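Let me begin by presenting the structure, written as structure tokens, before commenting on it.
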Amino acid sequence: MPFQSVHSSIRDIITGENVRITEPCNLYGCSIGNGCFIGPFTEIQKGVMIDDHTRVQSHSFICEKVTIGHHCFIGHGVMFVNDTFSEGGPSGNPAKWKATHIGNYVSIGSNATILPVTICDHAVIGAGAVVTKDITVPGKYAGNPAKKIG
820 MPFQSVHSSI RDIITGENVR ITEPCNLYGC SIGNGCFIGP FTEIQKGVMI
870 DDHTRVQSHS FICEKVTIGH HCFIGHGVMF VNDTFSEGGP SGNPAKWKAT
920 HIGNYVSIGS NATILPVTIC DHAVIGAGAV VTKDITVPGK YAGNPAKKIG
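In terms of the working numbering, the sequence shown opens at residue 820 and continues consecutively.
What follows is the structure, given as structure tokens:
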């Protein structure tokens, strides 16, 4: 099999001041606030908004229709989902995708999966958790599905 070079792509993004992006990564059509850090091997899709002083660690995937507040931490390998396969498979129609809203001062541990939900300010999501429902009370959440543990 012949070698194929894979290049990262950073295009059509809006950034604030003092943003650090470690390549390779794919960022396109998104907005990243002041003082943010984006780790390598991440993909941040169009329309995503990340507020000031948020860190996104390596190997994370942030899909369309996600907003993340300020002073958040997104651990390694966190996956955001906008398509719930409501019709039995993937929908190619963005009108059927759902939004995710992450509040301020939220920490999400490595390898968590975040379905289309709202997570309130000051929540901590444990590593490997699967968030399937809105989180409306600050605290620590873990498990599959994620439940409040403290």
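The beta-carbon is built from N, C-alpha and C at its ideal position, and this holds for glycine as well.
From a predicted model like this one, the values you see are computed outputs, not experimental measurements.
Considering only the beta carbon of each residue, do GLY852 and GLY866 sit closer than 9 Å?
-> In the sequence shown, counting from the first residue as 1, residue 852 sits at position 33. In the sequence shown, counting from the first residue as 1, residue 866 sits at position 47. Not closer than 9 Å, so no.
Which value, in whole angstroms, describes the spacing of the CA atoms of MET812 and THR886?
-> Absent from the model: residue 812. The displayed extent of the chain is 820 to 969, so no value can be given.
Which word fits ASP953, buried or exposed, when buried means at least 16 other C-beta atoms lie within 10 angstroms of its C-beta?
-> The residue labelled residue 953 in the question sits at position 134 within the sequence shown. It counts as exposed.
Note the first and the last residue of the continuous beta strand (DSSP E) segment covering SER828.
-> On the sequence shown, position 9 is the one that residue 828 refers to. That run of the beta strand (DSSP E) goes 828-830.
For LYS915, the three-state DSSP class (helix, strand or coil) | For this step, residue 915 is matched to residue 96 along the sequence shown. In the structure shown, LYS915 sits in a helix (DSSP, three-state: H, G or I).
Per DSSP, what kind of secondary structure is LEU846 in: helix, strand or coil?
-> What you label residue 846 is simply residue 27 of the sequence shown in a count that begins at 1. In this structure, LEU846 counts as strand in the three-state DSSP scheme.
In terms of DSSP beta bridges, what is PHE899 paired with?
-> Taking the first residue of the sequence shown as 1, we reach residue 899 at position 80. ILE933.
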